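In our numbering, the protein residues as written are 107 to 495.
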Amino acid sequence: MVAARRDVGVGGGQPDHPGAAVALRPHLARRDRPLGYQAAAPQRFRRGSEGVVSTPAAGLPKVRGFRLPLGGQLSDLGYAAGWRVVRAMPEFAARNAFEAGALYASRGGGPEQLRKNLARVLDVVPAEVPGSLIRASLASYARYWREAFRLPSMNHQVLVRRLDEASIGGEHVAAALNAGRGAILALPHSGNWDMAGLWLTNTHGRFATVAERLKPESLYERFVDYRESLGFEVLPLTGGSRPPFDILTERLRGNGLVCLMSDRDLTKSGVRVNLFGEPTMLPAGPAKLALATGAALLPAHSHFEPDVAVTSISPRLDTSSGDVTTITQMLADQFGTNIAAHPADWHMMQPQWVADLSEERRARLGAGAFAPGADERSGSDVDGVGGQT
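Encoded structure:
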């Protein structure tokens, strides 16, 4: 997903979704606010507080007969219908339908794995995760899908302008490109990463990413077509004519951009790190690419405000250690900071931590996969490259 970069400034692009990028509030248009800036709302989700009340590598399980769209779990026809029907609906009708679905899914406490994951973020036991946060999380996930289905028909020119005004840290991308070695943006499944990609491609140039092959193949092709229509270059994780790592390396050496979803890789090629104080596995790809090419490794994040999806870019990570595990841990630390600031927007419905894996899964991975530096032993640049679903 790289290509000659366009010198169009530092801003963003995204579909003009009514709930994601309409009339920005003045405080969101300030570019000089620190990366740690956050709205007050997320702070309401604390121990013992109920407060007031995203593709998803985190498929949402069926809850009381209701199922939100799931990568690899709905048929190609179901997704096709979603893109056609939701795109044609009036905004208020689409919003109400998805919000009602999210509320229904939260009945009975919501998905158990989501509650376990959020408990780590809040540092509480699962039973103490506020119901308001569960509802907000499912609403955020539903919002991602509503925007995804409506994105192709939105006014991208208007949306890009709004996203650019709301973006934080775009100067880090510009600096990396000015240095001539490209940039790797690594981000978690939070907010709306498709909108973040639209912002990036319209302000700094086309970028390359990697996509998991969903089943059936027609569903995978539909998602590839969707993201390529937004200006992304999409490489298959498996089954391509060349390994994705090799192509990404070429793009970066040509001073291009690479974006990788990087918050989960429970395979033998993953790197063991600590996230919120517990061991988990992240992809080795971002760190390996940075070391192989000298490209800047930039942690990125997307979160929702009521009227816009905000893209934040952190300063480049220090890769001078030359150690994949050390660099990946720094990435995990920045992910943790960003996720904690906006926990409701982290769309992780699958097991994230080693402790939540089944005994069978742990045995399949093998004890060696959980040791520091396991990625170096695996020799695989495919499974651990990171990517999208």
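The beta-carbon is built from N, C-alpha and C at its ideal position, and this holds for glycine as well. Computed from a predicted model, the values in this text were never measured in an experiment.
7 Å Cβ shell around residue i - same chain, five flanking residues per side excluded
{"i": "residue 356", "result": "none"}
{"i": "residue 445", "result": "227, 294, 296 and 452"}
{"i": "residue 205", "result": "245 and 248"}
Residue i to residue j span [Cα, whole Å]
{"i": "residue 240", "j": "residue 286", "result": "43 Å"}
{"i": "residue 262", "j": "residue 467", "result": "43 Å"}
{"i": "residue 260", "j": "residue 449", "result": "27 Å"}
{"i": "residue 304", "j": "residue 213", "result": "34 Å"}
{"i": "residue 414", "j": "residue 471", "result": "40 Å"}
{"i": "residue 347", "j": "residue 333", "result": "20 Å"}
{"i": "residue 389", "j": "residue 351", "result": "12 Å"}
{"i": "residue 428", "j": "residue 436", "result": "13 Å"}
{"i": "residue 254", "j": "residue 270", "result": "19 Å"}
{"i": "residue 280", "j": "residue 342", "result": "27 Å"}
{"i": "residue 302", "j": "residue 250", "result": "12 Å"}
{"i": "residue 385", "j": "residue 457", "result": "12 Å"}
{"i": "residue 242", "j": "residue 235", "result": "12 Å"}
{"i": "residue 474", "j": "residue 257", "result": "Only weak support is given to the placement of residue 474: the predicted model assigns it a pLDDT of 48, under 50, and the value that follows is read from those uncertain coordinates. C-alpha separation (whole angstroms): 43 Å."}
{"i": "residue 374", "j": "residue 455", "result": "21 Å"}
{"i": "residue 266", "j": "residue 329", "result": "21 Å"}
{"i": "residue 440", "j": "residue 331", "result": "31 Å"}
{"i": "residue 423", "j": "residue 320", "result": "32 Å"}
{"i": "residue 326", "j": "residue 306", "result": "23 Å"}
{"i": "residue 233", "j": "residue 447", "result": "21 Å"}
{"i": "residue 101", "j": "residue 219", "result": "Here the chain comprises residues numbered 107 to 495, so residue 101 is not present and cannot be evaluated."}
{"i": "residue 366", "j": "residue 268", "result": "24 Å"}
8 Å CB neighbourhood of residue i in its chain, flanking five on each side removed
{"i": "residue 364", "result": "107, 108, 288, 289, 290, 291, 313, 314, 315, 354, 357, 358, 395 and 401"}
{"i": "residue 461", "result": "384 and 385"}
Residue environment, residue i, which counts as buried when at least 16 other CB atoms sit within 10 Å
{"i": "residue 163", "result": "Bear in mind that a pLDDT of 38 at residue 163, under 50, signals an unreliable position, so the number given afterwards is only what the model happens to contain. Counting Cβ neighbours within 10 Å, residue 163 comes out buried, since at least 16 surround it."}
{"i": "residue 322", "result": "exposed"}
{"i": "residue 361", "result": "buried"}
{"i": "residue 391", "result": "buried"}
{"i": "residue 308", "result": "buried"}
{"i": "residue 196", "result": "exposed"}
{"i": "residue 190", "result": "exposed"}
{"i": "residue 217", "result": "buried"}
{"i": "residue 282", "result": "buried"}
{"i": "residue 284", "result": "exposed"}
{"i": "residue 425", "result": "buried"}
{"i": "residue 345", "result": "exposed"}
{"i": "residue 465", "result": "exposed"}
{"i": "residue 324", "result": "exposed"}
{"i": "residue 300", "result": "buried"}
{"i": "residue 469", "result": "exposed"}
{"i": "residue 317", "result": "buried"}
{"i": "residue 393", "result": "buried"}
Neighbourhood of residue i by C-beta distance below 6 Å, restricted to the same chain and skipping five residues each side
{"i": "residue 278", "result": "404, 419 and 421"}
{"i": "residue 237", "result": "none"}
{"i": "residue 442", "result": "381 and 382"}
{"i": "residue 416", "result": "272 and 409"}
{"i": "residue 398", "result": "355"}
{"i": "residue 406", "result": "291, 293 and 419"}
{"i": "residue 459", "result": "384 and 386"}
{"i": "residue 379", "result": "388, 434, 435 and 438"}
{"i": "residue 298", "result": "250, 253, 408 and 415"}
{"i": "residue 463", "result": "457"}
**Message:** Suppose only complete runs of 3+ residues qualify. What are the beta strand (DSSP E) ranges in the stretch 282-349, listed by chain order?
**Reply:** 289-293, 313-317 and 339-342
**Asked** Below 8 Å, can you find three or more Cβ-Cβ pairs linking the stretch 269-284 to the stretch 331-351?
**Response** no
**Asked** Do the stretch 218-225 and the stretch 427-443 meet, that is, are 3 or more Cβ pairs less than 8 Å apart?
**Response** no
**Message:** Extract the residue ranges of the alpha helix (DSSP H) inside the stretch 402-451, only unbroken runs of 4 or more that lie entirely within it.
**Reply:** 430-447
**Request:** Identify every run of the alpha helix (DSSP H) within the stretch 217-286, keeping only runs that are complete inside it and at least 4 residues long; order them along the chain.
**Result:** 218-228, 237-256, 262-272 and 276-285
**Prompt:** What residue ranges within the stretch 346-383 form continuous beta strand (DSSP E) runs of no fewer than 3 residues, ordered along the chain?
**Reply:** 363-367 and 377-381
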